[in-house]
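A quick write-up on the structure given underneath.
What follows is the structure, encoded as structure tokens:
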């Protein structure tokens, strides 16, 4: 357990913030959005495509992070150290780009390819920003996921945005990000993901 994780359990507020951060981390959003979009696009077959996309966008990146933690390469699973976050982002971008190409070659529905491409685009921009500033990936991914779900299912999905606000609070409470970093993550994630998805689907 890292010092950050130890400190996060000292007060009820920080314990709650840690629970929110851990349960609503990016991989969980990615798995949820790929399956939900897949179902809406092509029923059970779409869920299959969603599982393939999630493999490259969530499962392999998480396995890479866990391996790095075991080897002592990364400090924690949320990659609080900006330099470590950049290295992991390179791997994730390569993994998601591979998944996008594979899905296209295998004939996945255009919307599913667009979804994974939106993830790649968002990651590239987040990485560019992260070289200068520790923008919140948690809020970017949650906000982008909700925006895409709203495009696919309808505006009523925007009612889920309080979850992004809750995640933002947790990142600030744990002192992993400033208010500006969580707000900008939310805005950038929604704009880039939604624009890419709408353009390519």
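Numbering (this note's numbering), first residue to last: 71 to 271. Where is the CB? At the ideal position from N, CA and C, for every residue including glycine.
- Rounded to whole angstroms, the separation of the alpha carbons of residue 176 and residue 188 is 18 Å.
- Residue 81 sits exposed, since fewer than 16 C-beta atoms from the chains shown fall within 10 Å of its C-beta.
- The C-beta distance from residue 257 to residue 242 rounds to 16 Å, too long to meet the 8 Å contact threshold.
- Secondary structure note for residue 88: its alpha helix (DSSP H) is the uninterrupted segment 82 to 93.
- For the set 87, 197 and 181, the Cα lying nearest the Cα of residue 153 is the one of 197.
- When Cβ pairs closer than 8 Å are counted between the two stretches, the region 97 to 111 is seen to touch the region 208 to 218, the count reaching three or more.
- Taking all protein chains in view, the Cβ of residue 267 is crowded by 16 or more other Cβ atoms within 10 Å, so the residue is classified as buried.
- The region 153 to 225 contains, as complete alpha helix (DSSP H) runs of 4+ residues, the segments 180 to 200 and 207 to 223 (chain order).
- Collapsing the DSSP output to three states places residue 245 in coil.
- Segment contact: the region 84 to 91 against the region 160 to 179, fewer than three CB-CB distances shorter than 8 Å; contact not assigned.
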